[in-house]
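Numbering (the numbering used here) for the sequence shown: 58 to 157. For each residue, glycine too, the CB sits at the ideal point set by N, CA and C.
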Amino acid sequence: MLLDYRSSKGTIMEREPNLISSGASRRIVEDGVPFKIDIYKLEGGDGWTLDVVTEDGTSIVWDYLFDDDQAAFEEAVTTIRNEGAVAFANGGSNVVPFRK
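So, in structure tokens, the structure goes:
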């Protein structure tokens, strides 16, 4: 996605959109397990992306966009609490172990 804008000379130019970070993004600790909740969207884009990063740097990104940033934050906290912080941080039910 490229955005059109006018330069100071009136020429129409294209540029990549900026990434807008939400004020709802923050670090939380649940059951002693730290998480970084990142909520962002593209400038001019529809919906907010939710990305939860675990202590070891694993990033869990939701497949769908949220209408507002507060809904994204609430979804992150609810999911972490429902799955359990340790289970969520370790991949929950989405991790398929390989045989050794």
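Quick one: what does DSSP say residue i is sitting in, helix, strand or coil?
i, result
"Asp-108", "strand"
"Glu-73", "coil"
"Asp-120", "coil"
"Glu-87", "strand"
"Asp-126", "helix"
"Arg-138", "helix"
"Ala-81", "coil"
Spatial neighbours of residue i within its chain, please: C-beta separation below 6 Å, excluding the five flanking residues on both sides.
i, result
"Ala-146", "Val-90, Thr-111"
"Asp-126", "Ser-79, Ala-81, Ile-96, Trp-105"
Considering only residues of the same chain and omitting the five flanking positions on each side of residue i, which have a CB-CB separation below 8 Å?
i, result
"Val-143", "Asp-88, Val-90"
"Asn-138", "Inspection of the sequence shows that residue 138 is occupied by Arg rather than by Asn. Glu-87."
"Glu-132", "Leu-107, Trp-119, Phe-123"
Can you list, in chain order, the residues of its chain with a C-beta nearer than 7 Å to that of residue i? Leave out the 5 residues immediately preceding and following it.
i, result
"Phe-130", "Ala-81, Ile-94, Ile-96"
Cβ of residue i within 8 Å of Cβ of residue j?
i, j, result
"Ile-159", "Glu-100", "What the structure shows of the chain is the stretch from 58 to 157, and residue 159 is not part of that stretch, so it cannot be assessed."
"Thr-136", "Leu-122", "no"
Does residue i get closer than 8 Å to chain D when you measure Cβ to Cβ?
i, result
"Ala-81", "In the structure shown, chain D does not exist; there is a single protein chain."
Three Cβ pairs or more, each shorter than 8 Å: is that satisfied between the segment 113-122 and the segment 76-90?
By the Cβ test, the segment 113-122 is not in contact with the segment 76-90, since fewer than three Cβ pairs between them sit closer than 8 Å.
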